[in-house]
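Everything on this sheet refers to the single structure shown next.
There are 2 protein chains.
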Amino acid sequence: MKRIPLLVFAVATAASVTLSTPFAAGGADDEGSPIYGVKIPAGYRDWPLVNVGHEAANLNDFRVVLGNAVAIKAFRDGTLPFPDGAILARLAWKYVPSAENNAVFGREQSFGTGAPTNLEFMVKDSKKYAATGGWGFGQFTDGKPDSEALHKTCFSCHGPAKSRDFVFAHYAP
Amino acid sequence: MKRIPLLVFAVATAASVTLSTPFAAGGADDEGSPIYGVKIPAGYRDWPLVNVGHEAANLNDFRVVLGNAVAIKAFRDGTLPFPDGAILARLAWKYVPSAENNAVFGREQSFGTGAPTNLEFMVKDSKKYAATGGWGFGQFTDGKPDSEALHKTCFSCHGPAKSRDFVFAHYAP
Chain W
1 MKRIPLLVFA
11 VATAASVTLS
21 TPFAAGGADD
31 EGSPIYGVKI
41 PAGYRDWPLV
51 NVGHEAANLN
61 DFRVVLGNAV
71 AIKAFRDGTL
81 PFPDGAILAR
91 LAWKYVPSAE
101 NNAVFGREQS
111 FGTGAPTNLE
121 FMVKDSKKYA
131 ATGGWGFGQF
141 TDGKPDSEAL
151 HKTCFSCHGP
161 AKSRDFVFAH
171 YAP
Chain S
1 MKRIPLLVFA
11 VATAASVTLS
21 TPFAAGGADD
31 EGSPIYGVKI
41 PAGYRDWPLV
51 NVGHEAANLN
61 DFRVVLGNAV
71 AIKAFRDGTL
81 PFPDGAILAR
91 LAWKYVPSAE
101 NNAVFGREQS
111 FGTGAPTNLE
121 FMVKDSKKYA
131 ATGGWGFGQF
141 TDGKPDSEAL
151 HKTCFSCHGP
161 AKSRDFVFAH
171 YAP
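Printed below as a string of structure tokens:
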């Protein structure tokens, strides 16, 4: 049961070789998500990009998926299911017009990121989370985990991606 | 004049501690950009995210800016001008509807990345590139540098961002 925290620590240590001051980093004392006990992993903001997307309508956001080293390697190698220790981070910001960039392009065509909305993480531990496809889930708003009711919906919502180990994101080449 | 290549190598080495197989990496023998001689930096695909945007109209793309360790630290510390050794990478992909995600959300609201379009880099060397604000520019399509005519437009196009050291991208928290 201690394997995931140790892996997270190893990744955070490796990242700190490159970047000595992680900007957004969780701490060991932070509160875990309901049901799963997933915490915000230290150094996640420095992880490589998996892909980016836009949800319109009421979400109206830009969303980006980052992956730790285990996850990125699995994407690049096409490894399914993802190995234990893989962690995915989903960041999101409001989708807003960019007046500054419109001025450069000379037309109304530019959209950028506004305020951050929430953070989501998927942590692979095939034993600990055997009942939910091997994944533990966590969603955080302003650094605090969201409700248990919300976390009850994570795994079923990811059901349509079962053939890709419940991961919606594709790796963008 | 050898400082930039050494810094690039140092960053690539640090990244390889975490990721042993960089997916998209330039090599020392690759062709440099016209005017500036900027090459695709090894390991750039593993660099942390600066920000993401969408250009509609004829560009119709998702674009992401990544930064090497020097650049990311400067963004987080608010350092202007960017120090020598800072490198920014701009990746882009076509902006396409995601039928898969629309099915999950139950409505037509999802957009994701299609084929990659081109790659751009800005390399800070205040002496080598003194005539262009200290920045060298490179745009690559299918791994090959684009035309000299195109590269003549880089610096003037970045003029509106002069107060931010000619960098359009803001750091997304």
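Same order as they appear, the protein sequences are chains W and S. So the first sequence is numbered by my numbering: it starts at 1 and just counts up by one. So the second sequence is numbered by my numbering: it starts at 1 and just counts up by one. In this text, a Cβ means the ideal position worked out from N, Cα and C, and glycines have one as well.
Contacts of residue i in chain W (Cβ-Cβ under 7 Å)
i              : result
residue 74(S)  : Within 7 Å Cβ-Cβ: nothing; residue 74(S) doesn't reach chain W, min ~12 Å.
residue 103(S) : 160
residue 93(S)  : 172
residue 62(S)  : 52
Listed by chain order, chain S residues near residue i by CB distance under 8 Å
i              : result
residue 109(W) : 55, 56, 57, 59
residue 45(W)  : 48, 49
residue 168(W) : 100, 101, 104
Closer than 9 Å at the beta carbon, the chain S residues around residue i
i             : result
residue 66(W) : 48, 49
Residue i vs residue j beta-carbon contact at 7 Å
i              : j              : result
residue 126(S) : residue 134(S) : yes
residue 97(W)  : residue 72(W)  : no
residue 149(W) : residue 51(W)  : no
residue 90(W)  : residue 55(W)  : no
residue 40(S)  : residue 68(S)  : no
residue 155(W) : residue 132(W) : yes
residue 33(S)  : residue 151(S) : yes
residue 117(S) : residue 61(S)  : yes
residue 36(W)  : residue 136(W) : yes
residue 123(W) : residue 38(W)  : yes
residue 85(W)  : residue 70(W)  : yes
DSSP bridge partner residues for residue i (one or two, in chain order)
i              : result
residue 112(W) : 96(W)
residue 46(W)  : Answer is none; residue 46(W) lacks a bridge partner.
residue 51(S)  : 65(S)
residue 90(W)  : 65(W), 120(W)
Where residue i meets chain W, residues with beta-carbon distance less than 8 Å
i             : result
residue 98(S) : 53
Closer than 7 Å at the beta carbon, the chain S residues around residue i
i              : result
residue 113(W) : 51, 52, 172
Nearest-angstrom Cβ-Cβ length linking residue i and residue j, presumed shorter than 8 Å
i              : j              : result
residue 66(S)  : residue 44(S)  : 6 Å
residue 144(S) : residue 31(S)  : 7 Å
residue 81(S)  : residue 165(S) : 4 Å
residue 161(S) : residue 107(W) : Not confirmed; about 18 Å, so no contact.
residue 78(S)  : residue 110(W) : In fact, because the Cβ distance is near 23 Å, the residues do not count as touching under 8 Å.
residue 168(S) : residue 101(W) : 7 Å
Residue-level contact to chain A via CB, residue i, 7 Å cutoff
i              : result
residue 156(S) : Reference to chain A is not applicable here, since the protein chains of this structure are W and S.
Within the stretch 116-151 of chain S, note down every full beta strand (DSSP E) run reaching 3 residues or more, in order along the chain. Whole beta strand (DSSP E) segments, 3+ residues: 135-141.
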